[in-house]
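There are 2 protein chains.
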Amino acid sequence: MLVAPKRDRRAERREATTAEILEAAWELTRSQGLAGLSLRALAEKIGMRPPSLYWYFNSKNAIYDAMFAQGNRQLLARLAEQRWPADAKGILRLSARAFVEFSTEDVQRYQLLFQRTIPGFQPSAEAYALAMQVVDQMRARLAAAGLTEQRAFDMWTALVSGVAAQQIANEPGGDRWLRLIDEMVDIYVDRFTGKQARREKG
Amino acid sequence: MLVAPKRDRRAERREATTAEILEAAWELTRSQGLAGLSLRALAEKIGMRPPSLYWYFNSKNAIYDAMFAQGNRQLLARLAEQRWPADAKGILRLSARAFVEFSTEDVQRYQLLFQRTIPGFQPSAEAYALAMQVVDQMRARLAAAGLTEQRAFDMWTALVSGVAAQQIANEPGGDRWLRLIDEMVDIYVDRFTGKQARREKG
DNA sequence: GTCTATATCCAGATAGAC
DNA sequence: GTCTATCTGGATATAGAC
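As they're listed, the protein sequences go chains F and H.
Residue 43 in my numbering sits at position 43 of the first sequence; the count goes up by one each step and never skips.
Residue 46 in my numbering sits at position 46 of the second sequence; the count goes up by one each step and never skips.
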């Protein structure tokens, strides 16, 4: 009687090729821009003919979708691997730094994940769920720092994404805005945690 | 003897058509995305054949360039038409509100002016000079509010563009982040002007 | 100024052989 | 799984008539 082997070598190989395609896609976007990605160039880069890509992805949008999901998984992993301190200010500093560094590392990934720059693209439900997980993680970090109100969270995301946006738009690869993170956290903390915040609430 | 008439009707007509093309281009980008603009669709929208556009613009990039310049002129006009108050906090509030409202009004314009989303596009020297004027205006407003340091200016642009970015990315057309502007100005002012700032300096 | 006709090239996607 | 061949349609841009 035939038994299924423990390892599915075919599935493994398929996964490996899929990963290779995505890696090549990221590289191409870095040089051609996110919207400039073409299946021809992608196929050529990995030594395939364009139609062969369709064995792995049903459409170009499916590739964007996989990239979107992968980027969000990378960010989740990045957040998970941090050694989170216990104090509020430490948590906020690390949270901001991790996000801004992740964003500035790869402009195209930043645009795909956080901006609506590709005309037709909308992430699938599965990919979008990962993006929601990222938001939940951020919210959990802020809660760990004692901040639970929606208003405080919105202000926080504005501050952090502002630093990232300016760094990317005006000095990609530099650290002119990155260096402002600690001070930004200070002025945020002054307002939203500790004595002052309690005084305003009471 | 022939004398040149005071009005150059031909030039006027050419200008009018140029303006019409640009207006149609903006409308198309709003529905198709910035990168999705095509000369075919643009020509059709104004009842022309595609080659006729080349009488007015040498290339597609020239159209993007004119749009870039126009957007910056619109922002300069917007800043100029404000009735600027005398007090620092009033100046900052109006400055932030004017910029964020301008940004959220038209997402494609925002992307063209403030983000590098089109693969090949780089503004011409003339158009770029207008973008510099915008920055100078912003800097002048901040100076009028008593803030002259580079670091304070960088922090300010991060805060303002963060509010705009979040509003556009997460709730286009809404005011969830717009409503945070006054509070954002408050926490900024607490840090960078008045007693506290002087104490930190001294 | 606007047109027709055309050049040149590229895009994403499918059919079906092997 | 990967290929060749092909479909269909799009793009920007130019030449030259009117």
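Virtual Cβ for every residue (Gly too), placed ideally from N, Cα, C.
Establish whether the CB of T117(H) and some CB of chain F are separated by less than 7 angstroms.
yes
Quick check on this structure: which residue in Q74(H), R176(H), D190(H) and G90(H) has the alpha carbon closest to the alpha carbon of Q133(H)?
Q74(H)
Between the segment 118–129 of chain F and the segment 93–106 of chain F, are three or more C-beta pairs nearer than 8 angstroms?
no
I'd like the span of the alpha helix (DSSP H) that includes F114(F), first residue to last.
V107 to F114
Under 8 angstroms by beta carbon: chain H residues contacting S95(F):
What S95(F) touches in chain H: nothing, since even the nearest Cβ is about 15 angstroms away.
Are the segment 78–92 of chain H and the segment 44–56 of chain H touching by the rule of at least three beta carbon pairs closer than 8 angstroms?
no
Given G202(H), which residues of its chain have a CB within under 7 angstroms of its CB, disregarding the five upstream and five downstream residues?
The predicted model places G202(H) with a pLDDT of 40, which falls under 50 and marks its position as unreliable; any figure quoted below should be read in that light. Within the same chain, G202(H) has no close Cβ partners at all.
In this structure, how does DSSP classify G202(F) when only helix, strand and coil are distinguished?
Unreliable positioning characterises G202(F) in this predicted model, as indicated by a pLDDT of 40, which lies under 50. The coordinate reading is nonetheless provided below. In this structure, G202(F) counts as coil in the three-state DSSP scheme.
Below-7 angstroms beta-carbon distance, T148(H) vs any chain F residue:
no
Would you identify the three-state DSSP class for V3(F), choosing helix, strand or coil?
coil
For I91(H), does the three-state DSSP call read helix, strand or coil?
helix
Unbroken beta strand (DSSP E) runs of length 3 or more, entirely within the segment 7–68 of chain H: which are they?
none
What's the gap between the Cα of M155(F) and the Cα of N61(F)?
33 angstroms
Would you verify that the beta carbon of G202(F) is, or is not, closer than 7 angstroms to some beta carbon of chain H?
Unreliable placement is indicated for G202(F), whose pLDDT of 40 sits below 50; the coordinate value is still reported in the next sentence. So no, G202(F) is outside the interface.
Contact residues within the segment 127–159 of chain F, judged by C-beta distance below 8 angstroms to chain H
R151, D154, M155, T157, A158 and L159
Taking one C-beta from the segment 141–153 of chain F and one from the segment 122–142 of chain H each time, how about it: are there three or more such pairs within less than 8 angstroms?
no
Tell me the residue span of the alpha helix (DSSP H) that contains F121(H).
Per DSSP, F121(H) belongs to no alpha helix (DSSP H) and is neither H nor E.
At a CB-CB cut-off below 9 angstroms, which residues of chain F make contact with I187(H)?
M155, I187, Y188, D190, R191 and F192
Just reading off the alpha helix (DSSP H) that E183(H) is part of, what are its end residues?
I181 to F192
Cross-chain neighbours of Q32(F) in chain H, by beta carbon under 8 angstroms
P119
If the criterion is Cβ atoms closer than 7 angstroms, does the pair A69(F) and A127(F) meet it?
yes
Where W177(F) meets chain H, residues with beta-carbon distance less than 8 angstroms
D154 and A158
Mind checking if A74(F) is an interface residue toward chain H, Cβ cutoff 7 angstroms exclusive?
According to the sequence displayed, residue 74(F) carries Gln and not Ala. Q74(F) does not count as touching chain H.
Does any residue of chain F have a CB that is nearer than 7 angstroms to the CB of S103(H)?
no
Note down, in chain order, each residue of its chain lying with its Cβ closer than 6 angstroms to the Cβ of S161(H), except the 5 sequence neighbours on either side.
none
Assuming A239(H) and L22(H) make a contact with CB atoms under 8 angstroms, what is their CB distance in whole Å?
Nothing in the structure corresponds to residue 239(H), since chain H is present only between 1 and 202.
Cβ distance (whole Å) where V100(H) is taken to contact Q167(H) below 8 angstroms
7 angstroms
Check whether the Cβ atoms of L159(F) and M138(F) lie closer than 7 angstroms to each other.
no
Measuring CA to CA, which of A88(H), R176(H), G36(H) and L42(H) is closest to A140(H)?
A88(H)
8 angstroms Cβ shell around Q32(H) - same chain, five flanking residues per side excluded:
S38 and A41
Spatial neighbours of L113(H) within its chain, please: CB distance less than 6 angstroms, with the 5 preceding and 5 following residues excluded, ordered by chain position.
G71
Check whether the Cβ atoms of T18(F) and Y56(F) lie closer than 7 angstroms to each other.
yes
If R191(F) sits next to I187(H), beta carbons under 8 angstroms apart, how far is it from one beta carbon to the other, in whole angstroms?
4 angstroms
Amino acids of chain H, ordered along the chain, whose beta-carbon sits closer than 9 angstroms to that of F114(F)
A165 and A169
Thinking just about the alpha-carbon of each residue, which of N58(H), A86(H) and L130(H) is nearest to the one in L76(H)?
L130(H)
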